[in-house]
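K.L.:
When we follow full-length UniProt numbering, the leftmost residue of the sequence shown carries the number 1, and every step to the right adds one. For glycine and all other residues, C-beta sits at the position ideal for the given N, C-alpha and C. Pasting in a structure now, in structure tokens, and then I'll have a few things to ask.
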Amino acid sequence: MTYRTAKGTLLTDELLDEWAEACERGEYPGTPGEIVVGRPRISAEDLATITFKLPKSQVAALDETAKRAGETRSQFLRSLVNDALARG
């Protein structure tokens with residue numbers, strides 16, 4: 001069987017088996033990339049936390065809408081704020 005990665009690289013079962021055997025022998029080819037601890041920054045600026053309250057039904061609707069968009073609640077709310085600020 002063959003598989004294609006998100007970047008388009010073609011992988012075969014044979015290649016995956018070779019990699020698995022090498023790893024089991026403690027062989028890890030290549031060099032490690034940069035190790036980044038923690039979550040990636042979402043802004044070069046310092047961040048401030050804001051909070052506000054909504055009815056539970058609105059929070060549920062918000063979460064469902066964010067989920068359908070493939071975003072977290074925070075990502076979705078940031079997008080809404082950015083759009084509103086861009087409109088002026």
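Put L62 into one of helix, strand or coil per three-state DSSP.
P.N.:
helix
K.L.:
Per DSSP, what kind of secondary structure is R4 in: helix, strand or coil?
P.N.:
Residue state, collapsed to three classes: strand.
K.L.:
Does the distance from the CB of F76 to the CB of A84 come in under 8 Å?
P.N.:
no
K.L.:
Pick out the complete alpha helix (DSSP H) segments inside the stretch 11–69, 4 residues or longer, and give them in chain order.
P.N.:
The stretch 11–69 contains these whole alpha helix (DSSP H) runs: 13–24, 56–68.
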